[in-house]
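So that you can map any letter, position 60 of the sequence shown is 43 in our numbering, and since no number is skipped, the others follow by simple counting.
Even for Gly, the Cβ is constructed at its ideal location relative to N, Cα and C.
Below: one structure, written as structure tokens.
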Amino acid sequence: MAWDSKTTRRRQSSAASRTRDIAIHARNQSRQPSQPLSDHVADPFLADFLAPSFDPATYLNTTLPQLQTSRSNNNPNSLPLSDLSITAQSSLSQLSAHTTRLTSILTQLTDDIIRSGSRLAYEVEVLRGETISLSETLTETLDEPISKFIPGGLKPTLLSSPSLPLDSTSTTTTTTTTTRSRALSSLPQPQPDVLPPPIPDPEYISQLRTLSLVRSRLAETQSTFGSAMSFVFPPSETSVSSSFLSVSAPDTGALSTEEKGQQVLKELKQEIVELLDNKDDPIKGVEDAAKRVEELKELCLVWKGTAEERGRQKFVEGLARLVGERHERLAKMPY
């Protein structure tokens, strides 16, 4: 029996290592095609945020080390909860610093664009006046000299059609039609309008778009990180079945982790119940509750592949059942 227990532990440890290696490999692959478009985002720390396949949950799971438990003491990459909290706070501080720096750069570039707007409007008005002046010169002052360089136009015989008597035969009509067709075919065909090539955006516009993208993804990661830290889960509801990574906040108050987790679950359930008890507009209450449940489902992706994944999904599914039951009751009510 002891040999079976050791074998099981080795398999679990090797499976967890393989899962983490795959995640790290995917993270490195996502870094390869992303090239910094500006010196402002050339920091290697921002490489993950520039990847087209960036995902906040994957970033957090691959950045934070595993949580050290009684079954993962032999794993050199695992850390106790206190050290894991310090690592998470350090990553959060780096994200906050980059967000502040890029926000300042984005604000500066926006101010430059706003300041240059009046100058650009003035230059456009100057060009407009010069264009009108040139047009008047070509059409009025230089009209006669320019007409000397224009060809005489089409010959009158091609445009004029012979006058036919009313009693003309069908043969004459056919001949006249053929003559007109040949005359029309000899006319020069108008050339199709050639569209000018599109003007590429200036470099600062591309840099502005890149900064906006990085800023939005940094804000998204910060928001996800904050929501995950506040979503404390009681250890009694945790199902130890996959990995040991946890991003729950450590206990900083008088309440234990179990009591604090139970309180958070109770508050979330109470929030859904209050949304469903909308007396003024029950349908809107169901829609708001369903939207909140979907937000919790997306937040649970942070714990994908961890020991807390199954327990959190089970709790959110219970909230979804409450919303579904209320929706069924509303559907059966007579109008």
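Residue of T45, L43, P217 and E203 minimising C-alpha distance to F298: Ranking the options by Cα distance to F298, first place goes to P217.
Proximity to L92 [Cα-Cα], best of D264, P185 and A290: Among D264, P185 and A290, the Cα nearest to that of L92 is on P185.
Cβ pair A273, V247 closer than 8 Å: The criterion of a C-beta distance shorter than 8 Å is not satisfied by A273 and V247.
Per-residue burial, R301 [other beta carbons within 10 Å of its own, 16 or more giving buried]: One detail in the question is off: residue 301 reads as Gly in this sequence, not Arg. Exposed.
Under the three-state DSSP convention, the category L125 falls into: In the structure shown, L125 sits in coil (DSSP, three-state: anything other than H, G, I, E or B).
Contact belief for D271 with L258 at Cβ below 8 Å, rounded distance in angstroms: The Cβ separation is near 5 Å, so the contact holds.
Within 8 Å, strictly: CB atoms of P35 and E203: Result no, Cβ atoms of P35 and E203 do not sit closer than 8 Å.
Exposed unless 16 or more other CB atoms sit within 10 angstroms - verdict on E291: Buried: at least 16 other Cβ atoms inside 10 Å.
Proximity to I88 [Cα-Cα], best of V256, S195 and D260: Comparing Cα positions, the closest option is S195.
Reference E277, options Q296, K262, V107 and D263, closest by Cα: A check of alpha carbon separations from E277 across Q296, K262, V107 and D263 identifies Q296 as the nearest.
Alpha-carbon to alpha-carbon, D31 and Y42: In this structure, the CA atom of Y42 is about 8 Å from the CA atom of D31.
Residue from G288, H310 and G294 with nearest C-alpha to D264: Among G288, H310 and G294, the Cα nearest to that of D264 belongs to H310.
Assigned secondary structure, L103 (DSSP; H/G/I helix, E/B strand, else coil): In the structure shown, L103 sits in a helix (DSSP, three-state: H, G or I).
Rounded distance between the beta-carbons of P48 and L62, thought under 8 Å: The Cβ separation is near 5 Å, so the contact holds.
Sub-8 Å separation of R200 and F28 beta-carbons: For R200 and F28, no; Cβs fall outside 8 Å.
Bounding residues of the alpha helix (DSSP H) (the contiguous stretch that carries E291): Note, E291: premise wrong, no alpha helix (DSSP H); not H, not E.
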